[in-house]
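Protein chains in written order, with the working numbering: chain A, 127 to 607; chain B, 7 to 409. What follows is a short report on a single structure.
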């Protein structure tokens with residue numbers, strides 16, 4: 127049996143109240159009011175599609191033996207690198223084995239479901255045993271646009287395997303159509319979009335039913351056999367309209383999450399599927415369809431193992447970890463949509479020595495430290511000489527992973543002098559449970575909520591962006607537990 | 007068996023520029039200004055100097071690499087000259103080079119000169135090095151500044167000794183008020199305006215919980231010392247010699263930031279260097295024997311904690327001494343930051359260690375005008391370069407010959 131073994135979700139903690147856009151820009155496009163209900167998720171300034179993918183992937187594989195993962199597929203339309211394999215960065219951050227297949231699925235909103243199909247096919251062939259699929263998107267939009275309102279940021283990951291399957295893969299049906307509702311040309315920051323009415327009537331309303339019905343026909347089932355149907359459509363009224371076209375009841379249709387996150391691009395079908403799995407019981411059949419130059423429709427059947435999957439953050443937990451952001455200006459600043467003064471201090475050199483990064487990739491991207499074979503002391507980073515003053519042995523360090531360890535704050539500050547997108551910069555020294563300590567930037571927390579003794583955990587984040595060279599540097603930061 | 011440096015070397019001349027935002031002067035002008043005062047004070051000719059040490063820290067923003075800027079600027083007679091850099095301990099490092107050269111007999115008279123021209127970068131605070139801070143450091147060290155690095159001492163100290171941040175800030179305010187009062191008496195100081203505790207407490211936040219008045223000045227300046235042996239000094243007609251009693255350095259080895267013991271409320275290196283320095287100087291009870299101190303008060307919290315690391319105050323006892331006025335100019339204890347400290351005299355990094363010695367030298371010769379203490383015998387200077395969790399510490403003790 128091949129199918130989903132585990133799921134994980136990640137939605138950034140910040141949620142932009144859509145009314146804040148109306149408050150600032152309603153005078154400019156009053157019609158935005160039509161889609162201003164609820165809130166959309168927004169990346170912190172140090173998050174992007176890659177950091178979110180790492181977060182959902184970590185959630186997904188928690189409790190599993192990651193040394194068994196022999197492939198990782200990353201689906202996103204917003205990869206930080208056009209040429210440097212983004213899935214390879216995720217694999218390094220997760221400290222996966224090196225002898226695995228990594229692949230980026232890109233350039234279409236259906237890339238998430240296509241990655242899923244490719245993963246199950248790799249498993250069915252017997253070539254692979256466990257493949258991790260991460261889908262993530264952080265799409266930039268112009269200020270005061272409908273897409274700014276419709277879109278959200280987020281990620282979902284699914285671990286596919288053939289043991290302890292929680293949702294068996296039953297089959298898929300794909301359509302490949304060069305329907306260009308939007309596109310983003312090379313070197314363009316924003317999508318160019320055609321009229322929404324056409325996208326709605328000729329796109330969503332036709333293509334998704336065609337894919338879902340194609341799946342039904344191929345496997346000889348009807349909508350009555352299905353417990354839940356997952357498909358995206360940011361136009362909420364049309365999302366309901368599609369249900370009618372495929373004959374699905376209100377109870378069968380999984381919410382498009384417009385009011386809680388907005389549409390998360392290539393991740394959205396997987397995010398909605400994860401939300402559906404969280405509420406499923408053994409025997410439920412779930413259809414998941416995507417939209418983007420055609421559609422992939424997949425059929426899964428939930429097994430009794432779903433009751434045994436250890437609790438995880440998933441979508442539910444991600445939605446609960448929420449901070450309302452009422453400042454539209456912060457959304458603009460975080461997404462580099464306003465040119466705010468940064469001062470000469472921000473003009474410091476930002477070059478990355480790729481030789482240094484290569485030698486230290488485990489330390490930097492994987493947060494791997496060392497453990498002394500002689501005295502057992504753990505430390506970060508791993509060094510040639512053990513830090514224990516009673517040992518100080520040379521060349522005794524073995525790899526020691528810190529990324530899942532909790533830590534206590536020993537000292538901290540909120541720095542208003544350091545260059546930052548959102549001052550003050552919080553950082554401090556943390557002591558890991560089980561030993562080891564280091565200085566770390568803190569993120570996703572407010573100065574008034576930090577104190578000495580506070581328990582923290584680690585999160586993979588953007589550390590810097592080198593504007594001159596287009597290079598994003600990643601490292602780990604501490605967040606409140 | 008080492009015998010230490012005590013009384014092997016005498017300071018025969020010192021100079022120090024006015025510190026501050028010296029828009030009028032480049033590093034070369036500052037070097038000349040400090041040197042002219044020092045050589046006049048020593049009463050020797052330039053060609054009697056046989057070796058020289060130059061210190062600075064951010065050479066990339068002013069003089070560039072090597073000791074050539076010193077040799078070129080002063081037109082030294084092709085003598086050995088060496089540039090040293092060890093963060094904020096750089097000035098004391100230059101002094102150490104000159105003192106050791108004389109003590110070893112390698113030369114008779116040596117010059118140490120420290121300079122820093124910080125105000126040519128176009129923004130406040132110390133230069134932001136970015137990826138030039140080290141190719142690996144850049145990839146993982148927090149986005150920290152000096153105030154933020156040291157502010158962490160305050161949050162940890164408050165937690166350990168059960169102070170509220172407000173109560174600790176009142177103690178720190180007293181530290182700064184005292185230094186401003188001293189600086190106001192010093193015509194060469196960068197900041198010469200007295201402040202009140204309330205002003206210090208309510209100043210704008212720089213790095214929680216440190217406000218503007220918890221931070222030292224960022225200044226331009228230079229200072230210089232000319233040293234020789236006591237015997238030669240006497241032959242040159244010098245009386246009431248000021249001699250070097252101890253000169254110590256201690257560097258972190260990564261335990262603070264990587265091992266599981268240090269608690270962020272003290273400096274490992276200062277605690278170790280002070281013990282060795284007192285032994286070298288033959289000091290048994292520093293609280294009673296030290297007449298005055300110039301400590302590395304880059305931030306008020308650094309000064310507070312350093313009182314304890316030097317064994318002047320017991321662990322956790324510095325706040326009481328501070329509030330009792332023990333470190334005030336006329337407090338009857340051990341006056342600290344007599345010239346205003348880094349806080350008010352200013353902090354041109356490579357010059358600071360030598361500037362501290364300059365004040366000790368003036369005091370020991372009775373030339374400190376309004377700041378003059380009654381009959382000081384031993385003065386201690388202390389520099390701390392780097393960060394609380396990883397640093398370079400220098401301690402120098404100077405005093406009257408024979409004490």
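Beta carbons: idealized from backbone N, C-alpha and C, even for Gly.
Per DSSP, the bridge partner or partners of residue 360(A): The sequence position of residue 360(A) within the first chain is 234, counting from 1. None, per the DSSP bridge assignment.
Start-to-end residues for the alpha helix (DSSP H) that takes in residue 231(A): Against the first chain, residue 231(A) aligns to sequence position 105. It is not in any alpha helix (DSSP H) - residue 231(A) instead sits in the beta strand (DSSP E) that spans 227-232.
Which listed residue (506(A), 531(A) and 591(A)) has its alpha carbon closest to that of residue 585(A): On the first chain, position 459 is the one that residue 585(A) refers to. Residue 585(A) has its Cα closest to that of 531(A), out of 506(A), 531(A) and 591(A).
Other residues of its chain near residue 248(A): CB distance less than 7 Å, five sequence neighbours each side excluded: Taking the first chain and counting its residues from 1, the one referred to as residue 248(A) is at position 122. Excluding positions up to five away in sequence, the list reads 197, 254 and 257.
Short-range partners of chain B found in the segment 563-574 of chain A, where Cβ spacing is below 8 Å: 563, 564, 565, 566, 567 and 573
Helix, strand or coil at residue 591(A) according to DSSP, with G and I counted as helix: Locating residue 591(A) in the first chain gives position 465, where the first residue counts as 1. DSSP places residue 591(A) in strand when its eight states are reduced to three.
Min CB distance residue 601(A) to chain B below 8 Å: Numbered from 1 along the first chain, position 475 holds the residue referred to as residue 601(A). Interface residue, yes.
Among 161(A), 483(A), 555(A) and 439(A), nearest to residue 277(A) - alpha-carbon criterion: Stepping through the first chain from its first residue, residue 277(A) is reached at position 151. Here the closest residue by C-alpha is 161(A).
Sequence ranges, beta strand (DSSP E) only - wholly within the segment 36-124 of chain B, length at least 3: 57-61, 87-90 and 116-122
Interface residues of chain B facing residue 554(A) [CB-CB closer than 7 Å]: Locating residue 554(A) in the first chain gives position 428, where the first residue counts as 1. Neighbours of residue 554(A) on chain B, chain order: 158.
Endpoints, beta strand (DSSP E) assigned at residue 472(B): Missing from the structure shown is residue 472(B); chain B here goes from 7 to 409 and no further.
CB contact check: residue 269(B) to chain A, cutoff 8 Å: The residue given as residue 269(B) occupies position 263 in the second chain. Closer than 8 Å to some Cβ of chain A, the Cβ of residue 269(B) qualifies, so yes.
Limits of the unbroken alpha helix (DSSP H) element including residue 276(A): Here residue 276(A) corresponds to residue number 150 of the first chain, with the count starting at 1. Run containing residue 276(A): 272-276, per the alpha helix (DSSP H) assignment.
Three-state secondary structure (DSSP) of residue 7(B): For the purposes of this step, residue 7(B) is taken as residue 1 along the second chain, with counting starting at 1. Residue 7(B) falls in the coil class under three-state DSSP.
Alpha helix (DSSP H) segments (min. 4 residues) lying fully within the segment 345-378 of chain B: 347-350 and 355-370
Beta strand (DSSP E) runs wholly inside the segment 149-224 of chain A, at least 3 long, in chain order: 165-168 and 197-202
Inter-residue Cα distance where the pair is residue 267(B) and residue 514(A): On the second chain, position 261 is the one that residue 267(B) refers to. On the first chain, position 388 is the one that residue 514(A) refers to. C-alpha separation (whole angstroms): 10 Å.
Beta carbon proximity, residue 172(A) to chain B, threshold 8 Å: Start at 1 with the first residue of the first chain, and residue 172(A) comes out as number 46. Closer than 8 Å: no.
Residue span of the beta strand (DSSP E) that contains residue 543(A), given as start and end: Mapped onto the first chain, residue 543(A) falls at position 417. That residue, residue 543(A), is in no beta strand (DSSP E); it is neither H nor E in DSSP.
Assigned secondary structure, residue 452(A) (DSSP; H/G/I helix, E/B strand, else coil): Within the first chain, residue 452(A) is the residue found at index 326, counting from 1. Correct three-state label for residue 452(A): coil.
Exposure of residue 505(A), with buried meaning 16 or more beta-carbon neighbours within 10 Å: Here residue 505(A) refers to the residue found at position 379 of the first chain. So residue 505(A) counts as buried.
One or two residues paired with residue 388(B) in a DSSP bridge: The count along the second chain starts at 1 and reaches residue 388(B) at position 382. Looking at the DSSP assignment, residue 388(B) forms a beta bridge with 401(B).
Residue 446(A) classed as buried or exposed, judged by whether at least 16 other C-beta atoms fall within 10 angstroms: The sequence position of residue 446(A) within the first chain is 320, counting from 1. That one is exposed.
Alpha-carbon to alpha-carbon, residue 502(A) and residue 521(A): On the first chain, position 395 is the one that residue 521(A) refers to. On the first chain, position 376 is the one that residue 502(A) refers to. Each residue's Cα considered, the two are about 13 Å apart.
Element boundaries [beta strand (DSSP E), containing residue 600(A)]: Taking the first chain and counting its residues from 1, one reaches residue 600(A) at position 474. It spans 597-606 - the beta strand (DSSP E) in which residue 600(A) sits, taken as one unbroken run.
The alpha helix (DSSP H) enclosing residue 485(A), as first and last residue numbers: Within the first chain, residue 485(A) is the residue found at index 359, counting from 1. Element bounds for residue 485(A): 480-485.
Assigned secondary structure, residue 422(A) (DSSP; H/G/I helix, E/B strand, else coil): Along the first chain, one-based indexing puts residue 422(A) at 296. Correct three-state label for residue 422(A): strand.
Element boundaries [beta strand (DSSP E), containing residue 298(B)]: Taking the first residue of the second chain as 1, we reach residue 298(B) at position 292. Run containing residue 298(B): 298-300, per the beta strand (DSSP E) assignment.
Sub-8 Å separation of residue 302(B) and residue 388(B) beta-carbons: Against the second chain, residue 302(B) aligns to sequence position 296. Against the second chain, residue 388(B) aligns to sequence position 382. Cβ atoms of residue 302(B) and residue 388(B): closer than 8 Å.
Contacting residues, own chain, Cβ-Cβ under 6 Å from residue 554(A) (five flanking each side not counted): On the first chain, position 428 is the one that residue 554(A) refers to. 535, 537 and 538, listed in sequence order.
Residues sharing a beta bridge with residue 567(A), DSSP: On the first chain, position 441 is the one that residue 567(A) refers to. Beta-bridge pairing links residue 567(A) to 553(A).
Three-state secondary structure assigned by DSSP to residue 254(B): To locate residue 254(B), count along the second chain from 1; it is residue 248. The answer is strand: DSSP assigns residue 254(B) an E or B state.
Cβ pair residue 254(B), residue 279(B) closer than 8 Å: By one-based count along the second chain, residue 254(B) stands at place 248. By one-based count along the second chain, residue 279(B) stands at place 273. Taking 8 Å as the Cβ cut-off, residue 254(B) and residue 279(B) qualify as a contacting pair.
Minimum Cβ-Cβ distance from residue 561(A) to chain B less than 8 Å: Along the first chain, read from residue 1 onward, the residue named residue 561(A) stands at position 435. With 8 Å as the cut-off, residue 561(A) counts as an interface residue toward chain B.
Contacts of residue 490(A) in chain B (Cβ-Cβ under 8 Å): Within the first chain, residue 490(A) is the residue found at index 364, counting from 1. Result: 145 and 146.
Rounded C-alpha distance that separates residue 374(A) from residue 359(A): For the purposes of this step, residue 374(A) is taken as residue 248 along the first chain, with counting starting at 1. For the purposes of this step, residue 359(A) is taken as residue 233 along the first chain, with counting starting at 1. Approximately 15 Å between the Cα atoms of the pair.
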